[in-house]
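Protein chains in written order, with the working numbering: chain A, 1 to 451; chain B, 1 to 127.
Here it is as structure tokens:
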């Protein structure tokens with residue numbers, strides 16, 4: 001029998017078998033013992049035709065409900081210029097994986113080099129890697145880096161205001177190892193840094209915080225790096241990179257490690273992924289940053305070129321003592337972010353961030369006027385804000401009525417945290433993509449429900 | 001043939017130790033630098049920290065490998081050779097003139113347990 005994806009004919013197989021002195025393929029499995037071998041064929045269906053599959057998928061797709069999204073929580077509906085899709089769809093990019101035959105792939109290496117340069121510019125840090133799988137992955141790698149950098153340390157402090165999913169990944173990261181994640185409590189929607197000094201003990205390797213945080217609020221990290229450094233601890237800040245166009249960068253706060261997810265820079269919502277993580281560090285941590293790093297160089301004829309560099313950190317050289325087991329990067333998604341940033345330029349990025357800010361504040365201001373809705377905590381925010389409802393029934397009605405108008409009004413925080421204290425909290429995200437009409441539609445519907 | 005200096009002590013991991021008063025200078029041997037090839041980076045230990053014998057204290061990176069330096073005798077790090085920061089190739093040029101770090105408050109029993117030049121030469125011949 002000839003299968004569509006297996007090129008060998010019956011003839012080929014006979015030839016291969018006879019050259020190793022066998023009559024049938026089954027003889028190769030004799031060593032396994034009968035109890036381990038399938039007696040019947042594998043119980044899967046005979047499959048469907050291409051046309052049948054297409055129809056099936058179409059009918060599933062029709063069950064999607066379209067609406068105007070005011071949903072965020074780590075995944076935002078920003079404007080993406082057409083250049084991103086058309087350029088990143090070039091076959092030479094789409095099929096390219098992380099560069100293994102590195103120097104053969106000058107185009108991809110250059111694209112990664114540009115990505116690293118842009119991440120450094122945005123975060124203000126010295127060295128960025130070629131990207132990680134997503135923001136949660138970047139956070140767990142930051143935790144590993146911290147523990148590796150401080151002798152005899154085992155604990156990483158994490159703000160309770162970090163995204164619930166990222167916290168879940170960090171908890172998994174620590175599970176079954178001698179490493180511990182310890183939570184630094186929050187106060188009025190932001191991390192409580194007044195207790196930081198008392199929390200730091202010998203076992204602590206560093207602190208991971210997030211701004212904008214899980215509520216969309218911006219946090220103030222004045223003097224945090226000094227406190228941490230005086231205890232020999234490292235400081236990592238996780239930030240939506242687009243927010244860095246209008247808030248202090250990680251470098252400006254004195255952080256050692258800048259991490260986050262580049263979803264807001266050119267990646268579609270796509271049901272929450274794939275996304276792309278970024279990580280950048282100070283020069284003194286250059287040999288501890290995980291993953292691949294592309295460097296610029298000159299070849300034997302003096303021409304500019306690109307190459308993988310500082311590979312002695314990586315596990316194919318350093319084996320079990322490697323700083324991380326990451327041997328890849330998120331090449332295609334990082335490329336999309338690179339094209340997105342090249343298309344926007346710094347001024348376009350600032351404009352997107354500013355418009356998101358202005359539109360979010362417009363909506364927040366007017367919603368806060370309505371009875372039964374409060375803007376909890378008087379803290380600065382950027383493009384996402386937490387509303388608290390007076391009662392659960394009102395909140396359900398609000399969400400349903402707006403849904404009827406074709407509006408996804410926000411994400412219930414309890415859906416992410418599954419905590420009773422978050423039951424009445426709704427997170428509303430507004431990007432530059434939401435038009436004035438969409439904002440007014442939201443407000444009109446809200447006024448009808450909450451009157 | 002690897003160069004061996006007479007008045008030093010040697011570990012099986014190819015580190016040399018020289019005692020000067022209260023201080024112990026630690027470096028890597030000619031055999032080690034030759035095996036590593038062109039050295040491109042030396043990660044120096046943090047000052048003031050105490051390291052046990054056999055504990056990983058530093059990393060020497062060459063173009064082809066990254067090797068752990070296992071501390072040959074217990075002591076507290078007094079000084080790291082910062083000349084190596086910008087010029088790690090000094091080790092290739094003269095590995096006995098350029099130490100990696102200096103220990104103080106050392107456990108002398110550890111020192112005496114190390115091989116002398118003759119013992120190290122014999123050890124190299126078994127490799």
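By construction, the Cβ of each residue, glycine as well, lies at the ideal position given by its N, Cα and C atoms.
Keep in mind that this is a model prediction, so the values were computed, not measured.
Just to confirm before moving on: does the CB-CB distance between residue i and residue j stay below 9 Å?
{"i": "residue 425 of chain A", "j": "residue 376 of chain A", "result": "yes"}
{"i": "residue 131 of chain A", "j": "residue 331 of chain A", "result": "yes"}
{"i": "residue 9 of chain B", "j": "residue 115 of chain B", "result": "yes"}
{"i": "residue 362 of chain A", "j": "residue 441 of chain A", "result": "no"}
{"i": "residue 42 of chain B", "j": "residue 84 of chain B", "result": "yes"}
{"i": "residue 53 of chain B", "j": "residue 107 of chain B", "result": "yes"}
{"i": "residue 161 of chain A", "j": "residue 214 of chain A", "result": "yes"}
{"i": "residue 60 of chain B", "j": "residue 80 of chain B", "result": "no"}
{"i": "residue 83 of chain A", "j": "residue 347 of chain A", "result": "no"}
{"i": "residue 447 of chain A", "j": "residue 427 of chain A", "result": "no"}
{"i": "residue 100 of chain B", "j": "residue 26 of chain B", "result": "yes"}
{"i": "residue 78 of chain A", "j": "residue 196 of chain A", "result": "no"}
{"i": "residue 45 of chain B", "j": "residue 58 of chain B", "result": "yes"}
{"i": "residue 224 of chain A", "j": "residue 193 of chain A", "result": "yes"}
{"i": "residue 20 of chain A", "j": "residue 139 of chain A", "result": "no"}
{"i": "residue 209 of chain A", "j": "residue 158 of chain A", "result": "yes"}
{"i": "residue 170 of chain A", "j": "residue 136 of chain A", "result": "yes"}
{"i": "residue 120 of chain B", "j": "residue 4 of chain B", "result": "yes"}
{"i": "residue 359 of chain A", "j": "residue 432 of chain A", "result": "yes"}
{"i": "residue 339 of chain A", "j": "residue 108 of chain A", "result": "no"}
{"i": "residue 450 of chain A", "j": "residue 380 of chain A", "result": "no"}
{"i": "residue 306 of chain A", "j": "residue 110 of chain A", "result": "yes"}
{"i": "residue 453 of chain A", "j": "residue 66 of chain A", "result": "Chain A is shown only over 1 to 451; residue 453 of chain A falls outside these bounds and no answer can be derived."}
{"i": "residue 123 of chain A", "j": "residue 239 of chain A", "result": "yes"}
{"i": "residue 148 of chain A", "j": "residue 323 of chain A", "result": "yes"}
Comparing the C-beta of residue i with each C-beta of chain B, is any distance below 9 Å?
{"i": "residue 318 of chain A", "result": "yes"}
{"i": "residue 292 of chain A", "result": "no"}
{"i": "residue 300 of chain A", "result": "no"}
{"i": "residue 312 of chain A", "result": "yes"}
{"i": "residue 436 of chain A", "result": "no"}
{"i": "residue 48 of chain A", "result": "no"}
{"i": "residue 403 of chain A", "result": "no"}
{"i": "residue 412 of chain A", "result": "no"}
{"i": "residue 151 of chain A", "result": "yes"}
Looking at the C-beta of residue i, does it have a partner C-beta in chain A at a distance below 9 Å?
{"i": "residue 62 of chain B", "result": "yes"}
{"i": "residue 66 of chain B", "result": "yes"}
{"i": "residue 72 of chain B", "result": "no"}
{"i": "residue 5 of chain B", "result": "no"}
{"i": "residue 46 of chain B", "result": "yes"}
{"i": "residue 29 of chain B", "result": "no"}
{"i": "residue 59 of chain B", "result": "yes"}
{"i": "residue 40 of chain B", "result": "yes"}
{"i": "residue 49 of chain B", "result": "yes"}
Going by the DSSP bridge assignment, what does residue i pair with across the sheet?
{"i": "residue 115 of chain A", "result": "Looking at the DSSP assignment, residue 115 of chain A forms no beta bridge with any residue, so it has no partner."}
{"i": "residue 63 of chain B", "result": "Residue 63 of chain B pairs with nothing; no bridge assigned."}
{"i": "residue 204 of chain A", "result": "A:155"}
{"i": "residue 216 of chain A", "result": "In DSSP, residue 216 of chain A forms no bridge with anything."}
{"i": "residue 377 of chain A", "result": "Beta-bridge pairing links residue 377 of chain A to no other residue."}
{"i": "residue 236 of chain A", "result": "A:208 and A:257"}
{"i": "residue 412 of chain A", "result": "A:426"}
{"i": "residue 304 of chain A", "result": "A:298"}
{"i": "residue 16 of chain B", "result": "B:10 and B:27"}
{"i": "residue 58 of chain B", "result": "B:69"}
{"i": "residue 457 of chain A", "result": "Within the shown structure, residues of chain A are numbered from 1 to 451, placing residue 457 of chain A beyond reach of any answer."}
{"i": "residue 279 of chain A", "result": "A:259"}
Out of the options, which one is the CA nearest neighbour of residue i?
{"i": "residue 267 of chain A", "options": "A:25, A:39 and A:134", "result": "A:134"}
{"i": "residue 186 of chain A", "options": "A:53, A:336, A:217 and A:337", "result": "A:217"}
{"i": "residue 73 of chain A", "options": "A:449, A:382 and A:437", "result": "A:382"}
{"i": "residue 35 of chain B", "options": "B:15, B:46, B:6 and B:86", "result": "B:15"}
{"i": "residue 272 of chain A", "options": "A:12, A:7, A:44 and A:76", "result": "A:76"}
{"i": "residue 277 of chain A", "options": "A:246, A:335 and A:384", "result": "A:335"}
{"i": "residue 317 of chain A", "options": "B:29, B:47 and B:67", "result": "B:67"}
What whole-angstrom Cβ distance do residue i and residue j have, given they're in contact under 8 Å?
{"i": "residue 201 of chain A", "j": "residue 235 of chain A", "result": "Incorrect: roughly 16 Å between the Cβ atoms, too far for contact."}
{"i": "residue 326 of chain A", "j": "residue 141 of chain A", "result": "7 Å"}
{"i": "residue 219 of chain A", "j": "residue 191 of chain A", "result": "6 Å"}
{"i": "residue 98 of chain A", "j": "residue 329 of chain A", "result": "5 Å"}
{"i": "residue 399 of chain A", "j": "residue 409 of chain A", "result": "5 Å"}
{"i": "residue 155 of chain A", "j": "residue 205 of chain A", "result": "7 Å"}
{"i": "residue 279 of chain A", "j": "residue 128 of chain A", "result": "7 Å"}
{"i": "residue 51 of chain B", "j": "residue 75 of chain B", "result": "7 Å"}
{"i": "residue 294 of chain A", "j": "residue 308 of chain A", "result": "6 Å"}
{"i": "residue 90 of chain A", "j": "residue 290 of chain A", "result": "That pair is no contact at about 29 Å."}
At a Cβ threshold of 9 Å, is residue i touching chain D?
{"i": "residue 15 of chain B", "result": "Judged by its chain identifiers, the structure shown contains no chain D, and its protein chains are A and B."}
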